[in-house]
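Below is one structure; the comments refer to it alone.
Residue numbers (the numbering used here): 5 to 168.
Right, here's the structure in full:
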């Protein structure tokens, strides 16, 4: 029992009123590595089922799965840096739509991909679920048209698309 008490007393963060929390996202942690297969189109997909951000009004946590799919050009994102970046949203206050657009914009700035899409599947709060989606296709490539077509014919809700 004494051994456990000593370990608890040695903790430096628990109960420390001077702990610093970062409330901004950290795109500077994102790192890119060369794409070894830039001669072909292929998708890289990430699913982050433990994404959290804060409501900018109430400060309450919002939980989501973030889906990131992209066709790289010259670079791919290093996965641990992506995890650290997504984790930086934990204490950041932003609306769901802002989160997915900020993620996409930061990855476009870093990677300049041929194509990218980011979809946030946020858990319901107050009986309402929000699933924002955004995409981008590099101008002057076939992916520019794919982005436009995908957004117009988004298959997230096929019953809506089929009833047009």
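We put the CB at the ideal spot given by N, CA and C, even for glycine.
By the Cβ test, the region 136-155 is in contact with the region 97-114, since at least three Cβ pairs between them sit closer than 8 Å.
The three-state reading of DSSP puts residue 51 in strand, counting E and B together. Under DSSP, residue 70 forms a beta bridge with 52 and 124. In this model, residue 133 and residue 13 are separated by some 43 Å (Cα to Cα). For residue 103, there is no enclosing beta strand (DSSP E); the enclosing alpha helix (DSSP H) covers residues 100-115. When secondary structure is reduced to three states using DSSP, residue 129 falls in the strand class. Going by beta carbons, residue 119 and residue 81 fall outside the 8 Å limit. Judged by their CB atoms, residue 126 and residue 36 are not nearer to each other than the 8 Å cut-off. The closest CA to that of residue 90, considering only 153, 26, 22 and 30, is found on 30. Taking 8 Å as the upper bound for CB-CB distance, residue 98 and residue 73 are not in contact here, some 21 Å apart. In summary, residue 43 is exposed, with fewer than 16 beta-carbon neighbours lying within 10 Å of its beta-carbon over all protein chains present.
Judged by DSSP in its simplified three-state form, residue 156 adopts helix. Separation of the CB atoms of residue 104 and residue 130 is rounded to 20 Å, and the pair is thereby denied contact status at 8 Å.
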